[in-house]
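If you count by mature numbering (1 follows the signal peptide of the UniProt record, and there is no 0), then the sequence shown holds residues -21 to -1, 1 to 182, one letter each, in order. The beta-carbon is built from N, C-alpha and C at its ideal position, and this holds for glycine as well.
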Amino acid sequence: MRKAGKIMIAGAATAAATVLAACSPSLEEPTDQSPEEQATHTPAPVSVSESAPSSAAHGAGQDGGGHSAVGGAGQCTAEDITVETNGAEPQVQIPRDCAAPQEVLTRDVEPGNGAAVTPQSTVQVDYTVVGWSDGSVADSGSASVDLGSPSGDIEGWAEGMEGAQQGATRVFVLPPDLGYSEQSGNPLASDSIVVVAEVTGVS
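Right, here's the structure in full:
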């Protein structure tokens, strides 16, 4: 009977050990891991933190694409257009970091000292016309323009020349609705144009 008692105690001890062994993994798992193994459970927050720079870089790429920030750059001004008058014909450089203006712009590259142009004047000009889109010379020559009733291909002479003085070299930009008329058949009829005009006479 004493032997049987020992066997029963031993069996009970074995059963208790088995129960503890079965329960212990869930209790011991957090402390069973080394610091290196525990660190491997942090990829989720790292992955999230990496996605933010990726998105920011994409946005920066859009802004750095130039023209979308340029879209936000606004319209060009008359001062943005470079005109060199030292040669036989004026040389015009049109900026590409701003949009074509939607209104008439004027600037005197060289001032005059004679009679001022009015909306009813007839002006004699030596002129050069440059297309905004490609910067190429579309036309050049000399002309006498009656600003009160213009009959030429360019519709915005009066708006561009008003206020210029005889002897001046005036640069002005005309939006498409004041540039070449549709009836002119000119390929720049739907484009903005830049006109450089030297005023040789006003009457």
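| Query | Result |
| --- | --- |
| Pick from 144, 143, 134, 151 that is closest to residue 165, judged by C-alpha positions | 134 |
| Those residues which DSSP pairs with residue 107 across a bridge | 119, 175 |
| Supposed close pair residue 79, residue 171 - CB separation, criterion 8 Å | 4 Å |
| Option nearest residue 67 by Cα separation, candidates 128, 137, 119 | 119 |
| Classification of residue 116 by the beta-carbon crowding that lies within 10 angstroms, buried from 16 upward | exposed |
| Three-pair Cβ contact test at 8 Å for the stretch 173 to 180 versus the stretch 134 to 152 | yes |
| For residue 87: DSSP bridge partner residues | 149 |
| Secondary structure of residue 125, DSSP reduced to three states | strand |
| Endpoints, the alpha helix (DSSP H) within which residue 63 is located | It is not in any alpha helix (DSSP H) - residue 63 instead sits in the beta strand (DSSP E) that spans 61 to 63. |
| Under 7 Å between C-beta atoms of residue 102 and residue 178 | yes |
| Nearest candidate by alpha-carbon position, reference residue 142, set 113, 86, 75 | 86 |
| Under the three-state DSSP convention, the category residue 164 falls into | coil |
| DSSP three-state assignment for residue 95, whether helix, strand or coil | strand |
| Burial state of residue 100 (16 or more Cβ within 10 Å) | buried |
| Three-state secondary structure (DSSP) of residue 57 | helix |
| DSSP three-state assignment for residue 78, whether helix, strand or coil | strand |
| Beta carbon of residue 88 nearer than 7 Å to that of residue 62 | yes |
| Range covered by the alpha helix (DSSP H) that runs through residue 138 | 136 to 140 |
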